[in-house]
Amino acid sequence: MTYTQTERTEIKRNAKKVANLLGENFSDIEKEAQDMQTDHFKEYADDGQKRLVDALQKNNFSLAQLKGTKEDTRPEPLLTEGSNKEENNNASH
Numbered sequence: 004m005t006y007t008q009t010e011r012t013e014i015k016r017n018a019k020k021v022a023n024l025l026g027e028n029f030s031d032i033e034k035e036a037q038d039m040q041t042d043h044f045k046e047y048a049d050d051g052q053k054r055l056v057d058a059l060q061k062n063n064f065s066l067a068q069l070k071g072t073k074e075d076t077r078p079e080p081l082l083t084e085g086s087n088k089e090e091n092n093n094a095s096h
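Each residue of the sequence shown is one higher than the one before, starting from 4 at the first, in our numbering.
Here it is, written out as structure tokens:
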């Protein structure tokens, strides 16, 4: 279910009132809620990683292809001792 921020605040306020009436520590309830939220994020990330790997495998994609593509598109400078001296002379003129 999707909640607005106002609804979340009101629900939390009501839960805090109930916890106080029951003599329970609301901080423990908040920590439990944060742990549940963290678990949810972790499950999402784990599932998302699996879906990404499945999609990449389905398209026959490999890390070697990515590395090859990056190296192929990046020009490598050709530096020789003579060319460095020539560039330095041109820059100083």
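Virtual Cβ for every residue (Gly too), placed ideally from N, Cα, C.
Rounded to a whole number of angstroms, what is the C-alpha to C-alpha distance between Leu66 and Leu24?
-> 58 Å
Look at the alpha carbon of Glu10 and the alpha carbon of Gln60, and state the distance between them as a whole number of angstroms.
-> The alpha-carbon atoms of Glu10 and Gln60 are separated by roughly 42 Å.
In the DSSP assignment, find the unbroken alpha helix (DSSP H) run with Glu46 in it and report its ends.
-> Phe29 to Lys61
Run through DSSP, which three-state label would Thr12 get?
-> helix
Check whether Ala22 and Ile32 have beta carbons under 9 Å apart = yes
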